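Peer 1: Sharing a structure, written as structure tokens. Questions coming.
Protein chains: 4
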Amino acid sequence: MNDSIVELTERIRGFVAAREWQQFHNPKDMAVAICAEAGELMQHFVWQQEQQIEERVERNRDEIVSEIADVGILLFEMADLMGIHLGDAMAKKMAYNENRYPVEKSRGNNRKYNEL
Amino acid sequence: MNDSIVELTERIRGFVAAREWQQFHNPKDMAVAICAEAGELMQHFVWQQEQQIEERVERNRDEIVSEIADVGILLFEMADLMGIHLGDAMAKKMAYNENRYPVEKSRGNNRKYNEL
Amino acid sequence: MNDSIVELTERIRGFVAAREWQQFHNPKDMAVAICAEAGELMQHFVWQQEQQIEERVERNRDEIVSEIADVGILLFEMADLMGIHLGDAMAKKMAYNENRYPVEKSRGNNRKYNEL
Amino acid sequence: MNDSIVELTERIRGFVAAREWQQFHNPKDMAVAICAEAGELMQHFVWQQEQQIEERVERNRDEIVSEIADVGILLFEMADLMGIHLGDAMAKKMAYNENRYPVEKSRGNNRKYNEL
Numbered sequence: 001m002n003d004s005i006v007e008l009t010e011r012i013r014g015f016v017a018a019r020e021w022q023q024f025h026n027p028k029d030m031a032v033a034i035c036a037e038a039g040e041l042m043q044h045f046v047w048q049q050e051q052q053i054e055e056r057v058e059r060n061r062d063e064i065v066s067e068i069a070d071v072g073i074l075l076f077e078m079a080d081l082m083g084i085h086l087g088d089a090m091a092k093k094m095a096y097n098e099n100r101y102p103v104e105k106s107r108g109n110n111r112k113y114n115e116l
Numbered sequence: 001m002n003d004s005i006v007e008l009t010e011r012i013r014g015f016v017a018a019r020e021w022q023q024f025h026n027p028k029d030m031a032v033a034i035c036a037e038a039g040e041l042m043q044h045f046v047w048q049q050e051q052q053i054e055e056r057v058e059r060n061r062d063e064i065v066s067e068i069a070d071v072g073i074l075l076f077e078m079a080d081l082m083g084i085h086l087g088d089a090m091a092k093k094m095a096y097n098e099n100r101y102p103v104e105k106s107r108g109n110n111r112k113y114n115e116l
Numbered sequence: 001m002n003d004s005i006v007e008l009t010e011r012i013r014g015f016v017a018a019r020e021w022q023q024f025h026n027p028k029d030m031a032v033a034i035c036a037e038a039g040e041l042m043q044h045f046v047w048q049q050e051q052q053i054e055e056r057v058e059r060n061r062d063e064i065v066s067e068i069a070d071v072g073i074l075l076f077e078m079a080d081l082m083g084i085h086l087g088d089a090m091a092k093k094m095a096y097n098e099n100r101y102p103v104e105k106s107r108g109n110n111r112k113y114n115e116l
Numbered sequence: 001m002n003d004s005i006v007e008l009t010e011r012i013r014g015f016v017a018a019r020e021w022q023q024f025h026n027p028k029d030m031a032v033a034i035c036a037e038a039g040e041l042m043q044h045f046v047w048q049q050e051q052q053i054e055e056r057v058e059r060n061r062d063e064i065v066s067e068i069a070d071v072g073i074l075l076f077e078m079a080d081l082m083g084i085h086l087g088d089a090m091a092k093k094m095a096y097n098e099n100r101y102p103v104e105k106s107r108g109n110n111r112k113y114n115e116l
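Protein chains in written order, with our numbering: chain A, 1 to 116; chain B, 1 to 116; chain C, 1 to 116; chain D, 1 to 116.
Below, the structure is given as structure tokens:
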């Protein structure tokens with residue numbers, strides 16, 4: 001299992017370096033690429049109604065997983081480029097979210113923290 | 001260090017379950033949320049010219065890292081929802097990319113695999 | 001009523017020229033800005049379930065209209081930058097869509113043209 | 001020339017109605033579709049450096065124009081769905097922008113209104 005963020009990040013870093021792509025991978029172009037790939041992921045669900053989503057997921061499973069992986073690869077690289085450890089940044093944000101969405105106020109509703 | 005994708009995913013899963021948010025987190029709405037957060041990340045770089053990017057990154061570092069974490073949290077959850085291990089999906093895609101972007105053809109240029 | 005695409009486009013062109021912003025408004029940065037604004041528009045609907053949409057629209061009407069206008073302003077300018085008349089490009093695409101989505105095959109379903 | 005927003009909007013409205021697609025075209029799904037199409041438009045420029053943009057535009061001109069038209073068609077329909085005239089909303093926003101970006105403060109720089 002490929003469970004280590006550090007190890008995956010190192011593989012991505014090596015992939016980019018071997019191709020001398022650091023010259024293209026500045027933070028702006030990374031963010032643009034992440035957003036473009038997230039758009040491709042979302043494309044699978046455009047116009048889909050609630051009762052169609054499950055079937056859509058099954059029919060396009062491989063492509064959807066592939067798009068998720070694309071976003072992940074770019075995101076890991078961007079975190080690396082920012083000099084941060086993605087897992088630590090996520091854990092910090094999770095702590096923040098756990099705090100601003102108290103269970104008793106958030107349970108069963110989808111209101112934003114500023115509407116609770 | 002929070003380096004395990006499995007452990008981070010479990011924390012996210014627990015966060016969502018405690019708030020009974022699974023009812024809102026179907027694959028379509030996950031993809032929409034990922035794309036919206038990726039858009040927020042990209043917002044930091046709109047109209048920025050090459051020579052301005054570095055300064056922008058330094059000035060907005062905390063917000064940018066926070067947006068990266070947001071995308072990460074949603075992406076880990078979506079992979080979990082699809083029943084896959086994100087790291088394995090990424091490793092598989094990396095192998096695919098290493099193959100379709102041979103070093104000798106890709107070095108120093110940003111052409112897509114179908115233009116090599 | 002401001003119904004003329006040409007007149008609106010001229011106003012936008014004048015606005016940009018007076019501020020000497022043509023140097024920033026290349027096609028790439030226009031596309032990035034359009035996508036970022038479209039993301040802001042979409043933000044209003046993240047996690048919203050079908051039965052919540054109408055209320056959301058009423059509560060956030062002014063902001064949503066403002067985001068639609070933002071996308072429109074950038075889109076009109078980008079069409080201008082490409083040297084095309086947006087209305088003509090849209091009419092041409094409508095003719096294409098009318099053809100690839102025949103009424104008898106498309107009525108009441110949301111399948112893509114290649115799935116009809 | 002197809003210069004009237006009202007006339008184009010009526011054509012789009014007729015196209016949707018003939019296919020009984022109003023059932024799918026709620027404001028949320030319209031916003032998602034607009035963002036997905038804006039993502040496709042942006043895809044043409046991912047990783048492209050400043051000096052490559054012009055060549056990219058020329059090579060992919062027809063596809064880029066087609067994506068711009070797609071965003072336009074959806075945006076006109078969404079404005080219609082919100083019960084507003086897109087041109088009027090844009091003119092109102094232009095007046096607002098003219099005010100918050102005074103020429104003397106904005107000329108030649110790309111700072112946001114809150115950084116002027």
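Using N, Cα and C, we set each Cβ at its ideal position, and we do this for glycine too.
Treat the numbers as computed from the prediction; the structure is a model and nothing was measured.
Kindly indicate the opening and closing residues of the alpha helix (DSSP H) around residue 96/A.
Peer 2: Residue 96/A sits at position 96 when you count from the first residue of the first sequence. Residue 96/A -> alpha helix (DSSP H) spans 86 to 100.
Peer 1: In this structure, what does DSSP give as the bridge partners for residue 4/B?
Peer 2: To locate residue 4/B, count along the second sequence from 1; it is residue 4. Answer by DSSP bridge pairing, in chain order: 4/A.
Peer 1: Provide the residue span of the alpha helix (DSSP H) that contains residue 59/C, from first to last.
Peer 2: Translated into the one-based positions of the third sequence, residue 59/C becomes position 59. Here the alpha helix (DSSP H) through residue 59/C covers 53 to 59.
Peer 1: For residue 28/A, does the three-state DSSP call read helix, strand or coil?
Peer 2: As a first step, residue 28/A is located in the first sequence; it is residue number 28 there, counting from the start. Helix, per DSSP.
Peer 1: I want to verify the contact list: residues of chain C whose CB lies under 7 Å from the CB of residue 55/B, in sequence order.
Peer 2: Counting from one through the second sequence, the residue named residue 55/B turns up at place 55. Those do not exist, as residue 55/B stays about 16 Å from chain C at its closest Cβ, beyond 7 Å.
Peer 1: Can you name the start and end residues of the alpha helix (DSSP H) that residue 105/A belongs to?
Peer 2: Residue 105/A sits at position 105 when you count from the first residue of the first sequence. Residues 103 to 106.
Peer 1: Taking only beta carbons into account, state which residues of the region 41 to 68 of chain B come closer than 9 Å to chain C, listed in chain order.
Peer 2: Under the 9 Å Cβ criterion, the region 41 to 68 of chain B contributes 42, 43, 45, 46, 47, 48 and 49.
Peer 1: What's the C-alpha gap between residue 23/C and residue 43/B?
Peer 2: Translated into the one-based positions of the third sequence, residue 23/C becomes position 23. Translated into the one-based positions of the second sequence, residue 43/B becomes position 43. Taking the straight line joining both Cα atoms gives about 19 Å.
Peer 1: Which residue from 94/C, 107/C, 18/C and 99/C puts its Cα closest to that of residue 10/D?
Peer 2: One-based indexing of the fourth sequence puts residue 10/D at position 10. That would be 94/C, whose Cα lies nearest to the Cα of residue 10/D.
Peer 1: Residue 107/C versus chain D: which residues are under 9 Å apart at the beta carbon?
Peer 2: By 1-based counting over the third sequence, the position of residue 107/C is 107. Those are 18, 19, 20 and 21, listed as they occur along chain D.
Peer 1: Between residue 98/D and residue 114/A, what straight-line distance do the alpha-carbon atoms span, to the nearest angstrom?
Peer 2: Mapped onto the fourth sequence, residue 98/D falls at position 98. Mapped onto the first sequence, residue 114/A falls at position 114. Those two C-alpha atoms are separated by around 31 Å.
Peer 1: If you run the structure through DSSP and keep just helix, strand and coil, what is residue 111/C?
Peer 2: In the third sequence, counting from the first residue as 1, residue 111/C sits at position 111. Coil, per DSSP.
Peer 1: Mapping the DSSP letters down to three states, classify residue 78/D as helix, strand or coil.
Peer 2: Here residue 78/D is taken as the residue at index 78 of the fourth sequence, counted from 1. Reduced to three states, the DSSP call for residue 78/D is helix.
Peer 1: Quick check on residue 10/D: does DSSP put it in helix, strand or coil?
Peer 2: Within the fourth sequence, numbered from 1, the residue matching residue 10/D stands at position 10. Correct three-state label for residue 10/D: helix.
Peer 1: Can you name the residues of chain C whose CB is closer than 7 Å to the CB of residue 110/A?
Peer 2: The count along the first sequence starts at 1 and reaches residue 110/A at position 110. Result: 47.
Peer 1: List, in chain order, every chain C residue whose beta-carbon is nearer than 9 Å to that of residue 71/A.
Peer 2: Residue mapping note: residue 71/A aligns to position 71 of the first sequence, counting from 1. Neighbours of residue 71/A on chain C: none; closest Cβ ~15 Å, over 9 Å.
Peer 1: Out of 15/C, 3/C and 8/C, point me to the one whose CA is closest to residue 107/D's CA.
Peer 2: Within the fourth sequence, numbered from 1, the residue matching residue 107/D stands at position 107. When each option's Cα is compared against that of residue 107/D, the closest is 15/C.
Peer 1: Output, in sequence order along the chain, the residues in the region 24 to 36 of chain D whose CB is closer than 7 Å to any CB in chain B.
Peer 2: Going along the region 24 to 36 of chain D in chain order, one finds 32 and 35 with a Cβ nearer than 7 Å to chain B.
Peer 1: In three-state terms, what does DSSP make of residue 45/D?
Peer 2: Position 45 of the fourth sequence, counting from 1, holds the residue named residue 45/D. Coil, per DSSP.
Peer 1: Just to check my reading of the structure: residue 70/B and residue 37/B have Cβ atoms closer than 8 Å, yes? What is that Cβ distance to the nearest angstrom?
Peer 2: Translated into positions along the second sequence, residue 70/B becomes position 70. Translated into positions along the second sequence, residue 37/B becomes position 37. Correct: roughly 5 Å between the Cβ atoms.
Peer 1: Just to confirm, is the Cβ distance from residue 73/B to residue 27/A under 9 Å?
Peer 2: For the purposes of this step, residue 73/B is identified with residue 73 of the second sequence, where counting begins at 1. For the purposes of this step, residue 27/A is identified with residue 27 of the first sequence, where counting begins at 1. Their beta carbons are not under 9 Å apart, which means residue 73/B does not touch residue 27/A by this criterion.
Peer 1: Smallest Cα separation from residue 3/A: which of 76/A, 66/A and 50/A?
Peer 2: Within the first sequence, residue 3/A is the residue found at index 3, counting from 1. It is 76/A whose Cα lies nearest to the Cα of residue 3/A.
Peer 1: Starting from the C-beta of residue 60/B, find all residues in its chain whose C-beta is less than 6 Å away, skip the five residues before and the five after it, and write them out in chain order.
Peer 2: Mapped onto the second sequence, residue 60/B falls at position 60. Excluding sequence neighbours, residue 60/B sits near 44.
Peer 1: Take the Cβ of residue 55/D as the centre, count every other Cβ of all protein chains shown within 10 Å, and call the residue buried at 16 or more, exposed below.
Peer 2: As a first step, residue 55/D must be located in the fourth sequence, where it is residue number 55. Result: exposed.
Peer 1: If you compare alpha carbons, which of 39/B, 31/B, 18/B and 17/B is closest to residue 79/B?
Peer 2: If you number the second sequence from 1, residue 79/B lands on position 79. If we check each option's Cα against that of residue 79/B, 31/B comes out closest.
Peer 1: Considering only the alpha carbon of each residue, which of 7/C, 1/C, 111/C and 17/C lies closest to residue 110/D?
Peer 2: The count along the fourth sequence starts at 1 and reaches residue 110/D at position 110. Nearest of 7/C, 1/C, 111/C and 17/C to residue 110/D, Cα basis: 17/C.
Peer 1: Hey, would you say residue 86/C sits closer than 9 Å to residue 68/D, going by beta carbons?
Peer 2: Indexing the third sequence from 1 puts residue 86/C at position 86. Indexing the fourth sequence from 1 puts residue 68/D at position 68. Yes, the Cβ-Cβ distance between residue 86/C and residue 68/D is below 9 Å.
Peer 1: For residue 62/A, count the other beta carbons within 10 Å of its own beta carbon; 16 or more makes it buried, fewer makes it exposed. Which is it?
Peer 2: As a first step, residue 62/A is located in the first sequence; it is residue number 62 there, counting from the start. With fewer than 16 Cβ atoms within 10 Å of its Cβ, residue 62/A is classed as exposed.
Peer 1: Can you give the Cα-Cα distance for residue 58/C and residue 5/A, rounded to whole angstroms?
Peer 2: The sequence position of residue 58/C within the third sequence is 58, counting from 1. The sequence position of residue 5/A within the first sequence is 5, counting from 1. Each residue's Cα considered, the two are about 43 Å apart.
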